[in-house]
Amino acid sequence: MQIIYLPATIRTLVFDIDLTLYDSRPYYDNQHELLITRLAEHLNVTVAEAETAVTQIRTDYAQQHGGRSLSLGNAFVQLGVPIAINAQWRAALFQPEAYLLRDEKLIATMKRLSNKYLIAAVTNNATIIGVRTLNALGVADYFAPVIGLDISDVSKPDIRPFQMVCTAHGIALSEAVSIGDRMAVDIELPLQHGMGGILVESLADIYRLPAILL
Ligand SMILES: [Mg+2]
Numbered sequence: 027m028q029i030i031y032l033p034a035t036i037r038t039l040v041f042d043i044d045l046t047l048y049d050s051r052p053y054y055d056n057q058h059e060l061l062i063t064r065l066a067e068h069l070n071v072t073v074a075e076a077e078t079a080v081t082q083i084r085t086d087y088a089q090q091h092g093g094r095s096l097s098l099g100n101a102f103v104q105l106g107v108p109i110a111i112n113a114q115w116r117a118a119l120f121q122p123e124a125y126l127l128r129d130e131k132l133i134a135t136m137k138r139l140s141n142k143y144l145i146a147a148v149t150n151n152a153t154i155i156g157v158r159t160l161n162a163l164g165v166a167d168y169f170a171p172v173i174g175l176d177i178s179d180v181s182k183p184d185i186r187p188f189q190m191v192c193t194a195h196g197i198a199l200s201e202a203v204s205i206g207d208r209m210a211v212d213i214e215l216p217l218q219h220g221m222g223g224i225l226v227e228s229l230a231d232i233y234r235l236p237a238i239l240l
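Residues in the sequence shown are numbered from 27 upward in steps of one, following the working numbering.
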């Protein structure tokens, strides 16, 4: 875990969901596979061609932006697939319940954190998939709001979904902390806007948050 910065007053913890609150690589990889297959259909090319096109865009982006990774949603935008369509594909295709189990340690963690903080989620996924993921893990009741691609109409890194959470909670960005698994997607931009940032490197890091934040 890398605790990059914590504000003096913290009211809200804003979590990323995918690969932050669960560590199922098979589920994450299946999401990628389903989206690339759907993209191939849409572009009327083979799956291999669609994968190559996405990889190329992401490689070019990294080269031009000091090695930063580009979200899949933003790579799809460059291929002519708007965020709204991306969200619709995700909502129709993904099956979090097929991969994820109730996580008692995560439930205990969120229960403890919620005694002191408001808890929200910002995800580069469809909102309904975010909610179903939290539900499968057993923690949906602790998260409000859950802001997905279809609500914010942008893919992180973008401050808008974080702003939406803070507006909903009636707090300033400088009173919130972004917690996620990708520096360029979840952490860098929130830091530039005065938010705190914690980069998690494993699910064990999430379980350790009460010891750090309480
Ligand atoms: Mg993530």
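Each residue gets a CB set at the ideal place from its N, CA and C atoms; glycine is no exception.
Three-state secondary structure (DSSP) of residue i
{"i": "Thr-85", "result": "helix"}
{"i": "Val-203", "result": "strand"}
{"i": "Gly-223", "result": "strand"}
{"i": "Leu-32", "result": "coil"}
{"i": "Ile-238", "result": "helix"}
{"i": "Asn-144", "result": "It is worth fixing the name first, because residue 144 is Leu in this sequence and not Asn. If DSSP states are grouped into helix, strand and coil, Leu-144 belongs with the strands."}
{"i": "Val-18", "result": "Within the shown structure, residues of the chain are numbered from 27 to 240, placing residue 18 beyond reach of any answer."}
{"i": "Gly-99", "result": "helix"}
{"i": "Leu-242", "result": "In the structure as shown, the chain starts at 27 and stops at 240, and residue 242 therefore has no counterpart that could be examined."}
Any non-hydrogen atom of ligand 1 within 8 Å of residue i CB
{"i": "Thr-135", "result": "no"}
{"i": "Arg-94", "result": "no"}
{"i": "Val-172", "result": "no"}
{"i": "Gly-206", "result": "yes"}
{"i": "Val-40", "result": "no"}
{"i": "Ile-83", "result": "no"}
{"i": "Leu-45", "result": "yes"}
{"i": "Val-165", "result": "no"}
{"i": "Asp-176", "result": "no"}
{"i": "Asp-49", "result": "no"}
9 Å Cβ cutoff met for residue i and residue j
{"i": "Val-226", "j": "Thr-46", "result": "yes"}
{"i": "Ala-113", "j": "Thr-153", "result": "yes"}
{"i": "Thr-63", "j": "Val-73", "result": "yes"}
{"i": "Asn-150", "j": "Gly-99", "result": "yes"}
{"i": "Ile-109", "j": "Leu-175", "result": "yes"}
{"i": "Pro-183", "j": "Ser-50", "result": "no"}
Residue span of the beta strand (DSSP E) that contains residue i, given as start and end
{"i": "Leu-39", "result": "38-41"}
Start and end residues, alpha helix (DSSP H) containing residue i
{"i": "Ile-111", "result": "109-119"}
{"i": "Ser-178", "result": "175-178"}
{"i": "Val-157", "result": "153-163"}
{"i": "Met-27", "result": "Unbroken run through Met-27: none, as it is neither H nor E."}
- Task: Any chance you could list the alpha helix (DSSP H) runs of at least 4 consecutive residues sitting entirely within the segment 37-74, in chain order?
- Result: Taking only runs of at least 4 residues, the alpha helix (DSSP H) segments lying wholly in the segment 37-74 are 51-69.
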